[in-house]
Structure formats: structure tokens, C-alpha cells
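Only one structure is covered here, and it is reproduced in the block below.
Chains as they are written, first to last, in our numbering: chain A, 2 to 392; chain B, 71 to 360.
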């Protein structure tokens with residue numbers, strides 16, 4: 002069965018060109034970039050080139066790029082560092098809709114005596130800037146807010162938020178894992194101190210991430226025990242993956258326009274058609290500015306896992322905000338923070354496209370989705386009542 | 071992705087008995103939209119009003135909730151009400167070739183709907199308790215005090231599920247009932263309930279008494295079966311019932327997974343050894359047809 006992959010916010014296909022770029026660095030050019038011989042030196046040359054490519058995509062300088070193992074590591078390193086460099090500051094600010102990589106760490110800090118403020122969002126997922134303004138104070142060590150939400154695609158005004166943080170001397174970190182490659186980012190013209198990205202969200206392999214660290218930002222490393230990454234992240238470089246990420250960032254720069262035109266048009270076509278054909282559906286975060294590739298649609302009276310399983314039977318891959326998919330019992334914390342009623346949250350499906358998504362694939366989903374929803378509604382006691390009312 | 075068995079997938083993709091029975095004799099409804107799963111079960115009885123001749127369901131929920139409901143309707147058809155009541159959530163899971171532990175609450179929901187339907191039909195409607203529950207009671211017909219406010223689960227219900235499934239950790243209780251899976255505030259209370267149900271075990275090794283009156287002997291046999299034998303059978307989804315005691319002859323009938331099990335002869339032997347160890351040396355266990 003050929004897959005129709007609309008789960009690109011979970012992970013992406015490694016671009017063939019990216020794979021070709023990294024391929025020689027396993028069996029042939031396997032030297033350690035730190036070694037004092039030509040064999041390691043040629044790998045170091047490619048790592049330096051990759052660092053430059055990542056920096057270019059972010060509008061940053063190469064020395065501001067620290068390679069890590071994943072987005073989660075970058076998030077953890079940023080927050081831990083801020084607390085160490087400001088030991089007298091005991092307050093951390095984040096949002097209620099962050100990825101667990103940030104949120105869990107912040108919540109754990111409360112057990113260590115920190116004050117943690119989680120800024121709320123409105124019904125369309127927009128950050129409450131007034132609440133943020135009121136929360137930042139002289140005790141705040143770090144404000145960590147995501148650039149774009151992984152479930153809804155809703156974009157936060159991170160520059161404004163960074164300015165608020167800086168006005169009180171706090172550091173500002175953004176988890177930009179979903180934004181990099183989809184939205185133009187220019188760190189040269191930004192007040193953000195630290196930013197996380199993850200390779201496998203932009204067609205590089207899993208297991209490689211970046212912490213952008215603005216020049217002059219005080220930093221304490223998370224991993225110690227080696228001079229790599231200018232002693233900001235010890236451990237032998239994952240050279241092949243770094244080289245792959247460099248190539249992926251170069252390609253992301255080239256495809257940025259397509260993300261915001263072609264991919265966005267397909268996303269709009271998908272959500273408009275589904276909203277037109279299927280009654281009692283709503284777009285989560287529909288009224289807010291969103292990533293061009295993401296749409297999260299709530300279908301009432303049905304449960305998300307059942308929808309995903311039926312889609313999966315047809316080769317269609319998507320994701321859900323439902324409780325049952327994750328093994329947890331409560332629906333997505335993002336949808337709950339937005340005040341999406343439980344009745345909708347359980348039946349929320351996220352489609353996330355990529356530059357590989359074709360029109361034919363989108364038309365297939367538009368054709369297959371309505372009968373799946375009808376089938377499950379006919380099976381559901383709540384759906385049947387609704388269908389009866391309708392007829 | 072969940073590791074669902076082919077039977078679960080089949081019952082999800084081709085669910086049996088979806089729909090309603092307009093003139094149903096018994097209807098059981100559990101769960102709610104807010105909780106994420108809900109089941110409405112319809113039963114139709116024969117003229118003697120004892121045997122289930124038809125069953126239909128409507129389910130809002132995940133693949134395993136739909137599959138559990140479908141399995142349940144297939145299992146109850148042709149059974150009389152008492153036989154249907156003997157179906158445990160484990161029986162439903164077994165029928166499906168097993169469920170991931172995190173999904174066991176789907177089978178519990180099925181068992182619960184069945185119990186509610188039959189209780190209502192028989193007129194022993196349990197008093198409805200108004201729960202201090204975030205989004206409506208999951209099991210409105212369940213007696214007791216609410217332990218898990220997120221999902222509206224009572225202590226009576228939790229104790230029953232802990233005992234039936236021999237659960238030993240709060241995590242298991244969450245997988246089977248959802249209780250504790252929301253805010254987690256009730257987990258300490260769930261631990262207490264587990265200790266209460268499972269922890270009451272005698273510490274000292276017990277010995278066979280020297281002398282026993284007939285009356286005492288009968289009491290002891292019952293005690294050993296309850297405390298030492300049935301929990302072992304439950305662990306394998308089986309059960310037994312004490313039919314009669316005649317001097318040293320103990321008649322038992324095997325239930326659930328043990329009924330008709332090829333190794334029930336061995337099980338009877340195991341029961342005999344236990345009783346000989348703990349009651350009297352001359353005990354003979356006889357299996358009578360269920």
C-alpha cells in the first residue's frame with residue numbers, strides 16, 4: 002500500500018539529496034572531526050560547511066549554531082542554562098500549549114522551588130500577551146515560548162514576547178521546531194536569545210538538533226566532558242547527521258516560497274473541502290495566523306483514534322488530539338488550553354503537509370474522509386442522535 | 071501504534087450488531103462524550119424473558135472500544151441473564167485475543183454496560199449519585215463515593231475491578247478504569263483501595279487443623295476456596311463455584327475460562343491438594359458439569 006503521508010509535524014521524509022549528502026560519512030569518510038589528521042580534517046570541513054548552511058537559514062552567524070541530538074535536548078539545555086546563569090532569579094515563564102519538551106521541564110521546576118507561570122491562550126490558540134506582560138518581572142530567569150504550535154500550527158508573536166522578556170533582563174528562548182523551514186527566520190534582526198530546531202522536522206534524519214545561541218548570551222553547557230561545539234555541547238559530533246542537516250537547511254531555504262504558496266494552497270484546499278462537505282466540524286485555531294502546512298480539524302461525535310485507524314486502512318497517515326492515541330486519557334493539553342470542548346477535542350485530526358504532498362493525495366483524502374466520519378457517526382450514540390435530527 | 075490483535079481489528083473494521091433495538095427489553099448506557107468513550111447496549115429477551123436473543127450496540131470511542139462492544143454483543147447472544155452476568159471484562163478481552171493493557175478500560179466499559187442493562191431490567195436500579203465530576207458521571211448507576219473526579223469513578227466500582235482483575239498498581243487501575251488518568255489527584259486513594267482489596271492476606275503459613283467438627287470443616291473448605299483457590303483461577307480468567315460438601319467429598323463446578331478447559335482435571339487436582347493441605351487429608355474433589 003502506498004502511503005499518503007500527512008503527518009509531517011510528527012516527522013518528515015529524509016530528502017534524497019540530504020541522504021546522498023550524508024551517505025559517504027558512515028563507511029568511507031568516518032573520521033572524527035576533532036582528529037589531528039587529514040582524515041578527520043576533511044569531515045571537519047564538511048561540518049563547518051553544514052554549520053554555515055544552518056546559520057544561513059536562520060540568518061545567524063555560524064558560531065551561534067550549537068549542534069545537539071534533538072529538539073528536546075536543545076529545549077532542556079536552554080532552560081537549564083538560564084537557571085544556572087541567573088541563580089538569584091526564581092521565576093520561569095512558558096505557555097500552556099508548549100511541547101512537553103519544554104512544559105514537563107518547567108513543571109518539574111516547581112518541585113525545586115521555582116515559580117512557574119504558564120501563559121494561557123484564547124479560543125483560537127493566540128497567546129495572551131497581556132498576561133505575559135503582567136507576568137514578566139525582575140525575578141524571571143527565562144521566558145520560553147514556542148514559535149508555532151505543533152498541533153494547531155498557530156504562530157506566537159515571539160519577537161514581541163522576546164522584547165517583553167528583555168525589558169526585565171530575562172533570557173528568551175523559543176522552541177522553533179515546527180517553524181524552521183516553514184517560516185522565514187532572521188536572527189540577525191531578532192531579540193531572541195536561544196532557539197531550538199530539530200532536523201527530522203525538515204527532511205533531515207532523526208537524532209540531530211540545533212540550539213541557536215546568540216553571541217554574548219551567557220550559557221552553561223548541559224553536557225560537559227569535551228571541547229566540541231566550543232565546549233557548549235560535549236560529545237563527538239554526529240558528523241553524518243550534521244552534514245545532512247546542513248543540506249536540509251539549504252534545501253529548506255530554497256523551498257520556503259513553495260511552503261507558503263503550493264503547500265499552503267493544498268492545505269487550504271483540504272480544509273475548505275472537508276469543512277464544506279462534513280457538517281459539525283471546526284478548525285482548531287482557524288481564526289489565528291498558522292503554519293502553512295498544518296490544519297487541525299475537530300469532527301464532533303466521533304473519536305480520533307477510530308478515525309486514524311480507518312484512514313490508516315486506506316494508507317492515509319495523520320495524527321489526532323484524542324486521548325486514546327497517546328495512551329493518556331485526557332485529550333490534548335493544547336486543545337484543552339484553547340477551551341475546545343471535550344466533545345470536539347476527542348475527534349480532532351491533524352493533517353500536516355510537506356513539499357512532497359501532491360494534489361492527487363489531497364483529493365484522495367477529500368474523497369475518503371467524509372464516509373469515514375459518517376460511518377463512525379452512525380455507530381456512535383451521539384452521532385446517531387445528530388444524524389436523526391438532521392434527517 | 072497500538073498492537074491490536076487481528077480479532078480486535080476485525081471487530082473494529084467489521085463490527086457486529088451495530089444499531090438499536092426499538093423494543094429492547096434492557097438498555098444499558100455508560101460513559102459520556104466528555105470522557106472520550108461511551109456505549110449504549112440493547113438486549114432483546116425471548117418469551118420466557120430469560121434468554122438473550124438479540125443484542126445491539128452504539129459506541130463512541132476508539133478502535134478497541136468499538137471492538138469490545140462488538141465482541142460483547144456476540145458473546146451475550148444465546149445466553150440467559152445469569153450466564154451473561156458472569157461475563158467479566160477479562161472474558162471480553164480474551165474473546166478479542168487480548169487488549170493492550172492501556173485499553174483494558176474498553177472491556178470494562180462493555181462489562182459495565184451489560185451489568186447496568188440487566189440490573190435495570192430486573193428493577194434493581196442502583197441509586198444515582200450526583201457526582202462532583204468535571205464532565206458528567208461515567209457510570210451513573212454506580213454506587214459509592216467518587217474517588218476519581220476527572221472520570222467520575224466510585225470506590226465501589228474500583229474495588230470490584232481491582233478484585234476481579236487482581237490489580238496491584240495504580241497504573242493498572244488507570245488502564246482498566248481510567249481512574250487516576252486525568253489530574254492524578256486520586257492516585258494515593260487508589261493505592262489505599264488496592265491495599266484494602268489485595269493487601270488483606272494472612273502473613274503466617276497456615277497448617278491443617280488437628281481436629282475438625284463437620285461444621286468447622288465445611289466453613290474451612292469455603293474459606294480456602296475463597297482465599298487460596300479462586301484468586302489463582304481469576305489470574306487465568308477462570309473461576310469455580312462450590313456446589314456441595316458431603317463429608318469429605320467436595321463438589322465444584324468450573325466457570326468462565328475453566329469451564330470446558332482441557333486441563334480442568336489438573337485444576338480439580340490442584341484444588342484437592344490445596345484442600346488436603348489446609349483442611350483435611352481425606353478430601354476428594356469432584357468436578358460436576360457446569
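Even glycine gets a Cβ: it sits at the ideal position worked out from N, Cα and C.
Open item on the list: If we define contact as Cβ-Cβ less than 9 Å, is residue 348 of chain B a contact residue for chain A?
Closed with: Residue 348 of chain B does not count as touching chain A.
TODO: State the Cα-Cα distance for the pair residue 310 of chain A and residue 223 of chain B, rounded to the nearest angstrom.
DONE: Taking the Cα positions, residue 310 of chain A is about 28 Å away from residue 223 of chain B.
Task: Straight-line gap, residue 301 of chain B to residue 13 of chain A (C-alpha atoms, nearest Å) - done: So the alpha carbons of these two residues sit roughly 49 Å apart.
- [ ] Anything in the region 288-307 of chain A with a Cβ closer than 9 Å to a Cβ of chain B? List those residues in chain order, please.
- [x] Contact residues of the region 288-307 of chain A toward chain B are 301, 302, 303, 304, 305, 306 and 307 (C-beta to C-beta distance below 9 Å).
TODO: Kindly list, in the order they appear in chain A, the residues whose Cβ is closer than 9 Å to that of residue 178 of chain B.
DONE: The premise fails here: residue 178 of chain B is roughly 13 Å from chain A at the closest Cβ pair, so nothing lies under 9 Å.
Open item on the list: Using CA atoms only, rank isn't needed, just tell me which of A/336, A/167, A/61 and A/96 is closest to residue 186 of chain A.
Closed with: Among A/336, A/167, A/61 and A/96, the Cα nearest to that of residue 186 of chain A is on A/61.
- [ ] Could you check the C-alpha separation between residue 353 of chain A and residue 298 of chain B for me, to the nearest Å?
- [x] Each residue's alpha carbon lies about 55 Å from the other.
TODO: Measure the C-alpha to C-alpha separation of residue 372 of chain A and residue 81 of chain A and round it to an integer number of angstroms.
DONE: In this structure, the CA atom of residue 372 of chain A is about 49 Å from the CA atom of residue 81 of chain A.
TODO: Pick out the complete alpha helix (DSSP H) segments inside the region 294-333 of chain B, 4 residues or longer, and give them in chain order.
DONE: Uninterrupted alpha helix (DSSP H) stretches at least 4 residues long and entirely within the region 294-333 of chain B occur at 300-305, given in chain order.
- [ ] Name, going along the chain, the residues of the region 341-352 of chain A whose beta-carbon falls closer than 7 Å to a beta-carbon of chain B.
- [x] With the criterion set as a beta carbon lying under 7 Å from some beta carbon of chain B, the members of the region 341-352 of chain A are 343, 344 and 347, in sequence order.
Task: Which listed residue (B/283, B/323 and B/96) has its alpha carbon closest to that of residue 119 of chain B - done: Ranking the options by Cα distance to residue 119 of chain B, first place goes to B/96.
Open item on the list: At a CB distance below 7 Å, what residues from the region 114-138 of chain B approach chain A? Give them in sequence order.
Closed with: Listed by position along the chain: 128, 129, 130, 131, 132, 133 and 136.
Task: Cβ pair residue 174 of chain A, residue 188 of chain A closer than 9 Å - done: Contact flag unset, no.
Open item on the list: Using 9 Å as the threshold, is the C-beta distance between residue 67 of chain A and residue 233 of chain A below it?
Closed with: Contact: yes.
- [ ] Would you identify the three-state DSSP class for residue 267 of chain A, choosing helix, strand or coil?
- [x] In the three-state DSSP reduction, residue 267 of chain A falls in the helix class (H, G or I).
Task: Nonlocal neighbours in the same chain, by C-beta distance under 6 Å from residue 129 of chain B, ignoring five residues either side - done: Once the five neighbours on either side are set aside, the close Cβ partners of residue 129 of chain B are 109, 135, 136 and 139.
Task: Interface flag, residue 90 of chain B vs chain A, CB-CB below 9 Å - done: So, interface residue.
Task: Partner residues on chain A for residue 25 of chain B, Cβ-Cβ distance less than 9 Å - done: No answer is possible for residue 25 of chain B: it lies beyond the span of chain B, which begins at 71 and ends at 360.
Open item on the list: If I follow the unbroken beta strand (DSSP E) through residue 128 of chain B, where does it start and stop?
Closed with: Boundaries of the beta strand (DSSP E) harbouring residue 128 of chain B: 122-130, taken from the DSSP string.
- [ ] Would you kindly work out how many angstroms separate the C-alpha atoms of residue 338 of chain A and residue 289 of chain B, rounded to a whole number?
- [x] Going by the C-alpha atoms only, they are around 58 Å apart.
TODO: Return the CA-CA distance between residue 45 of chain A and residue 231 of chain A, expressed in angstroms with no decimal places.
DONE: For residue 45 of chain A and residue 231 of chain A, the distance between alpha carbons rounds to 14 Å.
Task: CB contact flag (residue 237 of chain B, residue 257 of chain B, <9 Å) - done: Taking 9 Å as the cut-off, the Cβ atoms of residue 237 of chain B and residue 257 of chain B do not count as close.
Open item on the list: Just to make sure I have the definition right: I need the residues of chain C whose C-beta is within less than 7 Å of the C-beta of residue 103 of chain B. Which are they?
Closed with: Checking the listed chains, one finds no chain C in this structure; the protein chains it contains are A and B.
Task: As assigned by DSSP and simplified to three states, the class of residue 233 of chain B - done: Looking at residue 233 of chain B - three-state DSSP - the assignment turns out to be helix.
- [ ] Enumerate in chain order the residues of its own chain whose CB-to-CB distance from residue 363 of chain A is below 7 Å, with the five nearest sequence positions on each side excluded.
- [x] Only 267, 270 and 271 meet the Cβ criterion.
TODO: Return yes when the Cβ of residue 121 of chain A is within less than 9 Å of the Cβ of residue 100 of chain A, no when it is not.
DONE: No. Outside cutoff.
TODO: State buried or exposed for residue 192 of chain B, treating a residue as buried only when at least 16 other CB atoms are found within 10 Å of its CB.
DONE: Exposed is the call here.
TODO: Answer with yes or no whether the minimum CB distance from residue 71 of chain B to chain A is below 9 Å.
DONE: Output row for residue 71 of chain B: interface = yes.
Open item on the list: Just to confirm, is the Cβ distance from residue 365 of chain A to residue 5 of chain A under 9 Å?
Closed with: Yes, Cβ-Cβ distance for residue 365 of chain A and residue 5 of chain A is below 9 Å.
- [ ] Could you check which residue in A/283, A/117, A/170 and A/212 has the C-alpha nearest to that of residue 296 of chain A?
- [x] Among A/283, A/117, A/170 and A/212, the Cα nearest to that of residue 296 of chain A is on A/283.
Task: Minimum Cβ-Cβ distance from residue 107 of chain B to chain A less than 9 Å - done: Residue 107 of chain B belongs to the set of residues whose beta carbon lies under 9 Å from a beta carbon in chain A.
Task: Test item: CB-CB of residue 318 of chain A and residue 7 of chain A under 9 Å - done: Residue 7 of chain A sits close to residue 318 of chain A, with the two beta carbons spaced by under 9 Å.
- [ ] Determine the closest residue to residue 141 of chain A out of A/279, A/92, A/134 and A/342, with distance taken between C-alpha atoms.
- [x] Here the closest residue by C-alpha is A/92.
Task: Buried or exposed by the 16-neighbour rule on C-beta atoms within 10 Å, applied to residue 83 of chain B - done: Classification of residue 83 of chain B: exposed, given that the 10 Å Cβ count is below 16.
Task: Chain-ordered residues of the region 246-269 of chain B with a beta carbon less than 7 Å from chain A - done: Within the region 246-269 of chain B, the residues whose Cβ lies closer than 7 Å to some Cβ of chain A are 248, 251 and 252, listed in chain order.
Open item on the list: Let's test the definition: count the other Cβ atoms within 10 Å of the Cβ of residue 112 of chain B and tell me whether it reaches 16, buried, or not, exposed.
Closed with: A buried status is given to residue 112 of chain B, since no fewer than 16 other beta-carbon atoms sit within 10 Å of its beta-carbon.
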